[in-house]
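Undergrad: Got a structure here, written out as structure tokens. Questions coming.
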Amino acid sequence: MTTSTTFLGLGAMGTALATAALDAGRPAVVWNRTPQRTHDLAARGAAVAATVAEAVAGDGVIVVCLFDHRSVHAVLDPVAAELSGRTVVNLTTTTPNESRELATWAAQHGATYLDGAIMAVPETIGQPGAAILYSGSDAAFTRHRALLDLWGTSSFVGTDAGLAPLHDMAMLVGMYTMFAGFLHGAAMVGSEGVSATEFTARQAPFLAAMTGQLAGLAATVDAKDYTGAGQQSLRFTEAALAALLRATAEQGVNGEVLKPVHDIVTRQIAAGYGEHGTARIVEELRSAR
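Going left to right, the sequence shown walks through residues -20 to -1, 1 to 269 as mature numbering (1 follows the signal peptide of the UniProt record, and there is no 0) numbers them.
In structure tokens:
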């Protein structure tokens, strides 16, 4: 293995990616705006570049893991002329349209673009359970699969560069709303002196069990049949959410996390869908397009 992989950006995730490559015996060139972050990787055998231009001077894959879309342009724009014929793997968190823009920009400069959405935390890179979704150049995905698989289970979701971040953002919506719901619940029981740790011991297995409902919801959404047997009606859901909001207020807890869900349900009932299953709220969410 003689071709070095270039890593631009050595935050916690960028460092984890570079470390996995080095541990696998792959040579690496690393650059970070703050040079101190290169020291540990240099001790592992990485070549440290003083500038981005120096970092991309080779002919290997360029892995970009920076703060945001703007950061990617700030780092790559000055060396755009050096990217012709190179493969850029962008693992920066970006929106679907931002990733599409970067793919277009890369093509204009003769570079091959592969976007990646990391479904893991830095500590789990290279470990079982880590996964990264890719979209963009299928040829680049195939050609560099050995490198990509060092970081986690690699899945190619399509040639539209925006598809990997789209899946990423969609899954993160579920994660953040789950976290917010957990913290809402922790605040409620906390008002009576129950610790968040004690609450977690009960909440975590309950949430894990509830994920078993997702397949049924998905089938309902795909079929667009919200009147089938066994579905919890919007009227029932509204009553449950109203009770939750009353209990929240009784405990002196802010209901801002839960109220938007209740508002969607009440609007669906007002529109005449009260006897439909709760999954029908997806139609209102879609209507914002």
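Quick reminder that beta carbons are idealized off the backbone N, C-alpha and C, glycines included.
Hey, proline 145 and alanine 97 are a contact pair by Cβ (cut 8 Å); roughly how many whole angstroms apart?
TA: Walking along the sequence shown from the start, residue 145 turns up at place 165. Walking along the sequence shown from the start, residue 97 turns up at place 117. Sure, about 5 Å apart at Cβ, within 8 Å.
Undergrad: For glutamate 103, which residues from the same chain have a beta carbon less than 8 Å from its beta carbon, with the 5 sequence-adjacent residues on both sides left out?
TA: As a position in the sequence shown, residue 103 is number 123, starting the count at 1. These residues qualify, in order along the chain: Ala(-5).
Undergrad: Rounded to a whole number of angstroms, what is the C-alpha to C-alpha distance between serine -17 and glycine 25?
TA: In the sequence shown, the residue the question calls residue -17 occupies position 4. In the sequence shown, the residue the question calls residue 25 occupies position 45. For the pair serine -17 and glycine 25, the Cα-to-Cα distance works out to about 12 Å.
Undergrad: Runs of 4 residues minimum, wholly inside the segment 108 to 149: which ones carry the alpha helix (DSSP H) assignment?
TA: 118 to 123, 125 to 128
Undergrad: Say the cut is 7 Å; is the CB of isoleucine 261 nearer than that to a heavy atom of the ligand PLP?
TA: Although the ligand PLP was asked about, the structure shown includes no ligands whatsoever.
Undergrad: For my contact list, threonine 258 and glutamine 193 are in at a C-beta cut-off of 8 Å; report their separation, rounded to the angstrom.
TA: Position 278 of the sequence shown holds residue 258. Position 213 of the sequence shown holds residue 193. Taking a contact as a CB-CB distance under 8 Å, the pair threonine 258 and glutamine 193 does not count as one, their CB atoms being some 10 Å apart.
Undergrad: Per DSSP, which residues does asparagine 70 bridge with? Please list them.
TA: If you number the sequence shown from 1, residue 70 lands on position 90. Beta bridge pairing from DSSP links asparagine 70 with Val44, Asp95.
Undergrad: Three-state secondary structure (DSSP) at glycine 65?
TA: Here residue 65 refers to the residue found at position 85 of the sequence shown. If DSSP states are grouped into helix, strand and coil, glycine 65 belongs with coil.
Undergrad: DSSP three-state call for serine 171: helix, strand or coil?
TA: Sequence index remark: in the sequence shown, residue 171 carries index 191 (1-based). Look at serine 171 here: in three-state DSSP terms it is coil, with no helix or strand label.
Undergrad: Okay, do the segment 118 to 131 and the segment 9 to 25 touch, 3+ Cβ pairs below 8 Å being the bar?
TA: no
Undergrad: With DSSP collapsed to three states, give me the class of isoleucine -11.
TA: By 1-based counting over the sequence shown, the position of residue -11 is 10. Position check: residue -11 holds leucine in this sequence, whereas isoleucine was assumed. In the structure shown, leucine -11 sits in coil (DSSP, three-state: anything other than H, G, I, E or B).
Undergrad: Going by CA-CA distance only, name the one from Ala87, His49, Met168, Phe179 that's closest to glutamate 78.
TA: Counting from 1 along the sequence shown, the entry for residue 78 is found at position 98. Glutamate 78 has its Cα closest to that of His49, out of Ala87, His49, Met168, Phe179.
Undergrad: Strictly under 8 Å for the Cβ-Cβ distance: is valine 237 near chain C by that measure?
TA: Within the model displayed, chain C is absent; a lone protein chain is all it includes.
Undergrad: Note down the Cα distance separating proline 240 from glutamine 183, rounded to an integer number of angstroms.
TA: Within the sequence shown, the letter at position 260 stands for residue 240. Within the sequence shown, the letter at position 203 stands for residue 183. Computed Cα separation, rounded: 22 Å.
Undergrad: So, are the CB atoms of alanine 1 and leucine 113 less than 8 Å apart?
TA: Taking the sequence shown and counting its residues from 1, the one referred to as residue 1 is at position 21. Taking the sequence shown and counting its residues from 1, the one referred to as residue 113 is at position 133. No, the pair does not count as a contact, with Cβ atoms beyond the cut-off.
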